[in-house]
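Peer 1: Attaching a single structure in structure tokens format; questions to follow.
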Amino acid sequence: MSAIAVIDSPAGELVTRDREIILERVRRAGVVGAGGAGFPTAVKLQAQVETFLVNAAECEPLLKVDQQLMPRQAARLVRGLCYGMAATGAREGVIALKAKYQPAIDALTPLLPPQIRLHILPDIYPAGDEVITIWLATGKRVPPAALPGSVGVVVNNVQTLLNVARAVEQEWPVTRRTLTVNGAVARPVTVTVPLGVTLAEVLALAGGATLPNPGFINGGPMMGHLVTDLNTPVTKTTGGLLVLPEDHILIKRRMRDVRTQLAIARTVCEQCRLCTELCPRHLIGHELSPHLLVRAVNYQQVATPQTLLAALTCSECNVCESVACPVDISPMQINRMLKQQLRAEGARYEGPLREADPMARHRLVPVKRLIQKLDLTDWYHEAPFDDTPYQPQQVTLALRQHIGAPAEPCVSVGDSVSHGQLIAAPPQDALGAPVHASISGTVSTISSTTITLARG
Ligand code: SF4
Ligand code: SF4
């Protein structure tokens with residue numbers, strides 16, 4: 016059976032099945048991985064694989080984007096997957112999602128051609144770590160430090176494939192982002208906003224914070240980053256905005272500096288191994304053993320170079336910090352510090368894929384338990400969609416919203432631009448993605464990292 020057969024998807028006719036046209040339109044539209052670090056999608060789609068996997072797990076508690084986009088744009092998602100399959104030659108498409116996303120299952124099921132199936136994931140964390148998603152949905156285990164392509168799989172998330180479909184069918188660039196505002200806000204909500212609006216504007220769309228001293232996280236409670244400036248603009252990879260009390264453990268942990276993290280680790284690590292026994296990468300057979308890395312920072316004489324290099328294979332899923340460690344140490348932060356050092360030295364990890372832990376599936380964390388463990392019960396809301404269009408007076412577009420080289424401005428201050436117009440392009444032959452105007456207006460400022468547009 017050939018990938019070309021997916022043209023007959025009940026989700027609608029594809030406008031093209033030509034691989035080169037698909038890749039070129041996706042590249043020109045500036046599509047990047049919307050669920051991760053922003054790897055340029057046109058580069059990812061150059062792989063030739065057997066299976067195209069849609070990561071629709073959305074396992075971070077409090078984020079409600081993909082699970083609501085799927086029933087609303089089911090046909091577009093299936094067509095986006097078909098374009099991905101046509102580009103990569105994949106013979107099988109899999110949409111991996113959870114049973115609790117029943118409206119999405121109902122909307123997608125009648126649209127699936129024979130080559131595409133749904134895979135129902137357990138409601139565990141981190142079902143959305145792509146290495147874990149691949150294992151759960153296909154049974155294949157990606158070796159440590161290897162890409163999914165090494166086991167014949169390519170992974171995209173829901174928003175990425177919706178952007179692929181728009182790029183291929185309408186030649187429409189990425190100028191918007193859908194995100195959830197949740198936690199201690201007046202009106203928890205999921206909204207679609209032009210790229211470049213500030214997190215302060217996004218917060219206002221949710222009615223503002225309901226606490227006098229809020230703390231903010233950009234993304235989910237497990238993998239999101241502390242927000243120190245609400246003027247930070249929304250980019251193609253902004254996951255969401257969470258508002259919590261400033262003395263909430265998730266905020267306080269993110270405010271600790273490295274010196275404090277290390278001091279805690281040196282003082283209280285009891286080498287109980289719980290962090291390793293619950294580490295999802297360790298469970299599926301990777302060498303990564305966070306308790307050994309914590310020990311290594313405490314007693315460098317016991318660390319082998321190979322032990323330290325394994326830090327490079329940490330996904331930063333945060334299970335070791337938020338779920339496992341009984342004494343509030345963050346092996347993840349220690350890994351992050353080690354990774355920075357090792358990458359600066361140009362180090363690379365090479366190591367075996369061992370047998371998976373026979374108890375691996377049972378040691379992943381149920382999301383309900385995670386919400387309790389993270390003390391999020393009071394801040395968990397459904398955050399329904401609000402379709403009211405938001406029209407900002409100004410947007411500030413980052414020149415780097417992706418992995419690779421920053422885009423270079425191709426407009427000047429004072430230029431008039433229209434929505435969707437190219438305003439910055441990646442340097443020739445460099446890995447990167449173009450940036451487009453997310454509103455019509457005038458270029459008011461260009462800095463070394465941003466372009467600001469004023470409406471009108
Ligand atoms: S779980 Fe905490 S105390 Fe136990 S080995 Fe890991 S870092 Fe040390
Ligand atoms: S953050 Fe911790 S639990 Fe997650 S992969 Fe890294 S070491 Fe393992």
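The sequence shown maps to residues 16 to 471 in the numbering used here. Cβ coordinates follow ideal geometry from the N, Cα and C atoms, glycine included.
Less than 7 Å separating the beta-carbons of residue 229 and residue 258?
Peer 2: Looking up residue 229 in the sequence shown gives position 214. Looking up residue 258 in the sequence shown gives position 243. Contact flag set, yes.
Peer 1: Below 8 Å on the Cβ atoms is my guess for residue 454 versus residue 468; work out the distance and round it to an integer in Å.
Peer 2: Working through the sequence shown from its first residue, we reach residue 454 at position 439. Working through the sequence shown from its first residue, we reach residue 468 at position 453. At roughly 6 Å, the Cβ-Cβ gap stays under 8 Å, so residue 454 and residue 468 are in contact.
Peer 1: Once DSSP output is grouped into helix, strand and coil, what is the label at residue 426?
Peer 2: On the sequence shown, position 411 is the one that residue 426 refers to. Coil, per DSSP.
Peer 1: For residue 320, which three-state DSSP category applies?
Peer 2: Translated into positions along the sequence shown, residue 320 becomes position 305. Helix.
Peer 1: Express the C-alpha separation of residue 210 and residue 191 in angstroms, rounding to a whole number.
Peer 2: Position 176 of the sequence shown, counted from the start, is the residue given in the question as residue 191. Position 195 of the sequence shown, counted from the start, is the residue given in the question as residue 210. Going from the Cα of residue 191 to the Cα of residue 210 covers about 5 Å.
Peer 1: Just tell me which of 337, 287 and 279 has its CA closest to the CA of residue 313.
Peer 2: As a first step, residue 313 is located in the sequence shown; it is residue number 298 there, counting from the start. Taking only the C-alpha atoms, the option nearest residue 313 is 279.
Peer 1: Mapping the DSSP letters down to three states, classify residue 164 as helix, strand or coil.
Peer 2: Residue numbering aside, residue 164 sits at position 149 when the sequence shown is read from its first letter. The answer is helix: DSSP assigns residue 164 an H, G or I state.
Peer 1: Can you name the residues that DSSP bridges to residue 315?
Peer 2: Walking along the sequence shown from the start, residue 315 turns up at place 300. The partner list for residue 315 (beta bridge, DSSP) is empty, contrary to what the question assumes.
Peer 1: Hey, is the region 353–371 in contact with the region 180–190, meaning 3+ C-beta pairs nearer than 8 Å?
Peer 2: Judged by Cβ distances under 8 Å, the region 353–371 makes no contact with the region 180–190, as fewer than three pairs qualify.
Peer 1: Quick check on residue 364: does DSSP put it in helix, strand or coil?
Peer 2: Position 349 of the sequence shown, counted from the start, is the residue given in the question as residue 364. Coil.
Peer 1: Let me know the secondary structure DSSP gives residue 35 once reduced to three states.
Peer 2: Counting from one through the sequence shown, the residue named residue 35 turns up at place 20. Reduced to three states, the DSSP call for residue 35 is helix.
Peer 1: Under 7 Å Cβ to Cβ from residue 164, same chain only, skipping five residues before and after it: list those, please.
Peer 2: Walking along the sequence shown from the start, residue 164 turns up at place 149. Excluding sequence neighbours, residue 164 sits near 62 and 64.
Peer 1: Mapping DSSP to helix, strand and coil, what is residue 134?
Peer 2: As a working note, residue 134 is residue 119 in the sequence shown. DSSP places residue 134 in strand when its eight states are reduced to three.
Peer 1: Determine the closest residue to residue 415 out of 384, 450 and 399, with distance taken between C-alpha atoms.
Peer 2: Translated into positions along the sequence shown, residue 415 becomes position 400. When only C-alpha atoms are compared, the closest one is 450.
Peer 1: With 16 as the cutoff for other CB atoms within 10 Å, does residue 301 come out buried or exposed?
Peer 2: If you number the sequence shown from 1, residue 301 lands on position 286. The residue in question, residue 301, is buried, as its Cβ has 16 or more Cβ neighbours within 10 Å.
Peer 1: Does the pairing of the region 88–103 with the region 397–413 give three or more beta-carbon distances under 8 Å?
Peer 2: No: the two stretches stay apart, fewer than three of their Cβ pairs being nearer than 8 Å.
Peer 1: Between the alpha carbons of residue 28 and residue 97, how many angstroms are there, rounded?
Peer 2: Here residue 28 refers to the residue found at position 13 when the sequence shown is read from its first residue. Here residue 97 refers to the residue found at position 82 when the sequence shown is read from its first residue. Roughly 10 Å separates the two Cα atoms.
Peer 1: Tell me whether residue 377 is buried or exposed, calling it buried when 16 or more other Cβ atoms sit within 10 Å of its Cβ.
Peer 2: Position 362 of the sequence shown, counted from the first residue, corresponds to residue 377. Result: exposed.
Peer 1: Determine which residues share a DSSP beta bridge with residue 105 and list them.
Peer 2: For the purposes of this step, residue 105 is identified with residue 90 of the sequence shown, where counting begins at 1. Paired residue(s): none; residue 105 is not in a bridge.
Peer 1: How should residue 46 be labelled, buried or exposed, when 16 other C-beta atoms within 10 angstroms of its C-beta is the threshold for buried?
Peer 2: Here residue 46 corresponds to residue number 31 of the sequence shown, with the count starting at 1. It is buried - the Cβ of residue 46 has at least 16 other Cβ atoms within 10 Å.
Peer 1: Counting Cβ pairs, one atom from each stretch, are 3 or more of them under 8 Å apart for the region 331–339 and the region 232–250?
Peer 2: Counting Cβ pairs under 8 Å, three or more are found: they touch.
Peer 1: Just reading off the beta strand (DSSP E) that residue 233 is part of, what are its end residues?
Peer 2: Sequence index remark: in the sequence shown, residue 233 carries index 218 (1-based). Where residue 233 is concerned, the enclosing beta strand (DSSP E) stretches over 229–233.
Peer 1: So does the region 189–206 actually touch the region 216–231, counting three or more Cβ pairs closer than 8 Å?
Peer 2: As far as the Cβ criterion goes, the region 189–206 touches the region 216–231, which means the pair count is three or higher.
Peer 1: Please classify residue 81 as buried or exposed, where buried requires at least 16 other C-beta atoms within 10 Å of its C-beta.
Peer 2: The count along the sequence shown starts at 1 and reaches residue 81 at position 66. Classification of residue 81: buried, given that the 10 Å Cβ count is 16 or more.
Peer 1: Taking Cβ to Cβ, would you say residue 133 is nearer than 7 Å to residue 149?
Peer 2: The residue given as residue 133 occupies position 118 in the sequence shown. The residue given as residue 149 occupies position 134 in the sequence shown. Against a cut-off of 7 Å, the Cβ pair of residue 149 and residue 133 comes out as no contact.
Peer 1: What does the Cβ neighbour count give for residue 99, buried or exposed, with the cut at 16 atoms within 10 Å?
Peer 2: Within the sequence shown, numbered from 1, the residue matching residue 99 stands at position 84. By the neighbour-count rule (16 or more Cβ atoms within 10 Å), residue 99 is buried.
Peer 1: Let me know the secondary structure DSSP gives residue 19 once reduced to three states.
Peer 2: The residue labelled residue 19 in the question sits at position 4 within the sequence shown. Note that residue 19 has pLDDT 48, beneath the 50 cutoff, so the model's placement of it is unreliable and no number is given.
Peer 1: Let me know the beta strand (DSSP E) ranges lying completely inside the region 196–242, each 3 residues or longer, listed in chain order.
Peer 2: Entirely contained in the region 196–242, the beta strand (DSSP E) runs reaching 3 residues are, in chain order, 204–209 and 229–233.
Peer 1: Please classify residue 431 as buried or exposed, where buried requires at least 16 other C-beta atoms within 10 Å of its C-beta.
Peer 2: Taking the first residue of the sequence shown as 1, we reach residue 431 at position 416. Answer is exposed; the Cβ neighbour count stays below 16.
Peer 1: What residues in its chain sit with their C-beta under 8 Å from that of residue 260, if we drop five residues either side in the sequence?
Peer 2: Against the sequence shown, residue 260 aligns to sequence position 245. The residues are 199, 226, 228, 229, 230 and 266.
Peer 1: Considering only the beta carbon of each residue, do residue 143 and residue 224 sit closer than 7 Å?
Peer 2: The residue given as residue 143 occupies position 128 in the sequence shown. The residue given as residue 224 occupies position 209 in the sequence shown. Their beta carbons are not under 7 Å apart, which means residue 143 does not touch residue 224 by this criterion.
Peer 1: According to DSSP, which residues form a beta bridge with residue 432?
Peer 2: Within the sequence shown, the letter at position 417 stands for residue 432. Partner(s): 456.
Peer 1: Between residue 309 and residue 344, which are expected to be in contact by the criterion C-beta below 8 Å, what is the C-beta distance as a whole number of angstroms?
Peer 2: On the sequence shown, residue 309 is found 294 positions in, with the first residue counted as 1. On the sequence shown, residue 344 is found 329 positions in, with the first residue counted as 1. Contact flag correct, Cβ pair sits at about 6 Å.
Peer 1: Under three-state DSSP, which class holds residue 40?
Peer 2: Against the sequence shown, residue 40 aligns to sequence position 25. Of the three classes helix, strand and coil, the one that applies to residue 40 here is helix, per DSSP.
Peer 1: So, are the CB atoms of residue 119 and residue 112 less than 7 Å apart?
Peer 2: Taking the sequence shown and counting its residues from 1, one reaches residue 119 at position 104. Taking the sequence shown and counting its residues from 1, one reaches residue 112 at position 97. The answer is yes: Cβ separation under 7 Å.
Peer 1: Could you have a look at residue 94 and say whether DSSP puts it in helix, strand or coil?
Peer 2: Numbered from 1 along the sequence shown, position 79 holds the residue referred to as residue 94. Reduced to three states, the DSSP call for residue 94 is helix.
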